[in-house]
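Numbering (our numbering), first residue to last: 79 to 319.
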């Protein structure tokens with residue numbers, strides 16, 4: 079297993095939440111949304127004769143500190159190899175594309191073929207799988223073009239998954255934040271990833287909340303006073319936990 083840099087003080091990120099300040103009101107009514115439904119998601123092994131590359135990117139900000147990670151597994155869910163890297167200040171899409179690119183480079187280096195590439199970033203899939211030429215001004219043009227070349231030569235194809243079906247790659251991408259290198263190959267799985275590998279291999283199912291479709295009437299209603307426009311009288315509830 080490659081060395082992983084562990085600073086003495088872990089970085090912290092404080093999320094900022096939007097708020098509505100300075101609004102004078104006399105009454106407020108909140109209607110609770112119904113409980114969110116969930117679906118079950120699991121990692122699926124590749125078909126016999128194929129391998130699967132799961133990859134993910136991570137960024138704390140747009141742009142912000144960014145990293146990526148990925149792993150290649152066989153049809154029984156066994157670890158073949160993995161990788162991770164810290165790429166400094168980048169956007170999340172750049173991190174996602176870098177994760178796919180480094181995985182494809184590893185596939186080419188090890189002379190692998192018939193590999194299914196699975197990621198939870200639909201934007202990256204659309205860019206790389208598109209038959210249209212990448213704009214010359216696109217900052218990732220060279221990498222996207224090379225991804226396409228490797229996929230064509232190695233018999234790879236891309237599919238979309240959701241985060242709950244991509245936990246191992248998600249863990250590796252987050253571990254990448256602690257690295258001092260922009261790329262390391264992992265011959266053995268890190269200890270933090272091992273439990274998720276075992277769960278995936280036996281078909282463990284994770285709960286995924288379904289997106290809420292708020293019915294009409296789910297509003298925070300504010301009785302406006304002088305100085306508050308009528309359009310500000312109702313603020314839609316976008317999330318209820």
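Heads up, the beta-carbon is just placed ideally off N, CA and C, and yes, glycines get one too. All of these numbers come straight from a predicted model, not from anything done at the bench.
Following the DSSP letters along the chain, one finds residue 138 in no alpha helix (DSSP H), marked with neither H nor E.
According to the DSSP assignment, residue 246 belongs to the alpha helix (DSSP H) that extends over 245–253.
The C-beta of residue 165 has 16 or more other C-beta atoms within 10 Å across all chains shown, which makes the residue buried.
For residue 231, the enclosing alpha helix (DSSP H) starts and ends at 219–232. Where residue 171 is concerned, the enclosing alpha helix (DSSP H) starts and stops at 170–187.
Straight-line spacing of the CA atoms in residue 242 and residue 117 works out to 10 Å. A Cβ-Cβ contact shorter than 9 Å links residue 196 with residue 131. Residue pairing of residue 235 in beta bridges, as defined by DSSP: 194. Counting only the Cα atoms, residue 169 lies some 6 Å from residue 137. According to DSSP, residue pairing for residue 116 in a beta bridge involves 287. Contact annotation: residue 148 and residue 184 have beta-carbon atoms nearer than 9 Å.
In this chain, the alpha helix (DSSP H) harbouring residue 274 covers 272–279.
Per DSSP, the beta bridge partners of residue 159 are 150. Residue range 262–264 is occupied by the beta strand (DSSP E) that includes residue 264.
Taking residue 214 as the centre and dropping the five residues before and after it, the same chain places no C-beta closer than 7 Å to its C-beta. Per DSSP, reduced to three states, the secondary structure at residue 207 is helical. Excluding residues up to 5 positions away in sequence, 118, 120 lie with their Cβ nearer than 6 Å to the Cβ of residue 283 in the same chain.
Looking at 178, 216, 160, the one whose alpha-carbon comes closest to that of residue 199 is 178. Inclusion of residue 232 and residue 275 in the CB contact set at 9 Å is not warranted, their separation being larger than that value. For residue 206, the CB contacts under 8 Å within the same chain, skipping 5 residues up- and downstream, are 175, 178, 222, 225, 226, 229, 236 in chain order.
Rounded to the nearest angstrom, the gap between the Cα atoms of residue 158 and residue 151 is 5 Å. Taking C-beta atoms under 8 Å as the contact rule, residue 278 and residue 246 qualify, at a distance of about 6 Å.
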